[in-house]
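Contents: one structure, followed by commentary.
Chains as they are written, first to last, in our numbering: chain A, 2 to 190; chain B, 3 to 77.
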């Protein structure tokens, strides 16, 4: 079970009215390397991975939901007061036609989230290598969004999220080290 | 000490339609170099750590748009 704290992991501040950024940010909401895919991937892989690294997947998977909530807040703030015309100008006309200003799990190009974005191979090394790749891809996505954003307050939150990807990748790499370690083997010299 | 950004020079063709991006950059963050994290590494104080997104200076590698400076120089 989970305990919910009614606050964000890191404060989200948006200082410029720029609905087009919401169109880009939605990549991290419902995209292949987004926070939803990350959370569901890790929390699902937990069941069939060696005990030693289950806790890590639980912790990181949980944190990804906290990140999802931050991205949702950013997208919401960027679009909540946008009129239909402003949505259209920001390239969000397709989105508006289907969802009004509601959030939806799709990527920046409008493709809906799909479970085919994630994998559970059951092989601990294959799964952890996928997780490392997912973190590096999410880190890169944050970089590309930062490159297109001119909002320092928004970028502050994105920089925090990017740094978390670096830390998560480090921890998954350590999980691989734990699983490949030969400390149990009797070494006879 | 490792560097966390690398660069390379893509080939510039004589008939390329757009002005060339002479240097391309990519990030090589500290997690590529650290290995299994050793005990006793230096820590940020808690409030700094919450701000930066990590407790560990060894894992802190802030990002900024590497192409922005170039554009401003050209203007």
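We treat Cβ as the ideally placed atom computed from N, Cα and C, and that holds for glycine.
Between residue 26 of chain B and residue 9 of chain B a beta carbon distance of about 7 Å is seen, short of the 8 Å cut, so the two are scored as contacting. Each of A:161, A:101 and A:73 was checked against the Cα of residue 84 of chain A, and the nearest Cα belongs to A:101. Its chain contains 53 as the residues whose beta carbon lies nearer than 6 Å to that of residue 179 of chain A, once the 5 sequence neighbours on both sides are disregarded; these appear in chain order. Separation of the CB atoms of residue 125 of chain A and residue 20 of chain A is rounded to 43 Å, and the pair is thereby denied contact status at 8 Å. Ranked by Cα distance from residue 150 of chain A, the first of A:17, A:174, A:61 and A:131 is A:17.
Counting only the Cα atoms, residue 72 of chain A lies some 19 Å from residue 43 of chain A. Relative to the Cα of residue 154 of chain A, the nearest Cα in the group A:3, A:6 and A:14 belongs to A:14.
Inter-segment contact for the stretch 20-36 of chain A and the stretch 128-144 of chain A is present: three or more beta-carbon pairs are separated by less than 8 Å.
Residues of chain B with a Cβ closer than 7 Å to the Cβ of residue 165 of chain A are, in chain order, 55.
When the alpha-carbon of residue 54 of chain B is set against those of A:156, A:116, A:181 and A:175, the nearest one is in A:156. An exposed status is given to residue 99 of chain A, since fewer than 16 other beta-carbon atoms sit within 10 Å of its beta-carbon. Inter-residue distance for residue 55 of chain A and residue 70 of chain B is about 41 Å (C-alpha atoms, whole angstroms). For the 7 Å CB-CB criterion, residue 28 of chain A and residue 109 of chain A form a contact. According to the DSSP secondary-structure assignment, residue 28 of chain B is paired through a beta bridge with B:8.
Interface residue (Cβ-Cβ distance to chain A less than 7 Å): residue 19 of chain B is not classified as such. Close CB contacts of residue 147 of chain A within its chain, under the 6 Å cut and outside five residues either way in sequence, are with 156 and 159 (chain order).
Taking 7 Å as the CB threshold, residue 170 of chain A lines the interface with chain B.
Setting aside the 5 residues that flank it on each side, residue 121 of chain A is surrounded in the same chain by 42, 45, 46, 49 and 128, each with a C-beta closer than 8 Å to its C-beta; the list follows chain order.
Distances from the alpha-carbon of residue 58 of chain A to those of A:177, A:181, A:182 and A:183 put A:177 closest. In this structure, residue 6 of chain B sits near residue 30 of chain B, with a CB-CB distance shorter than 7 Å.
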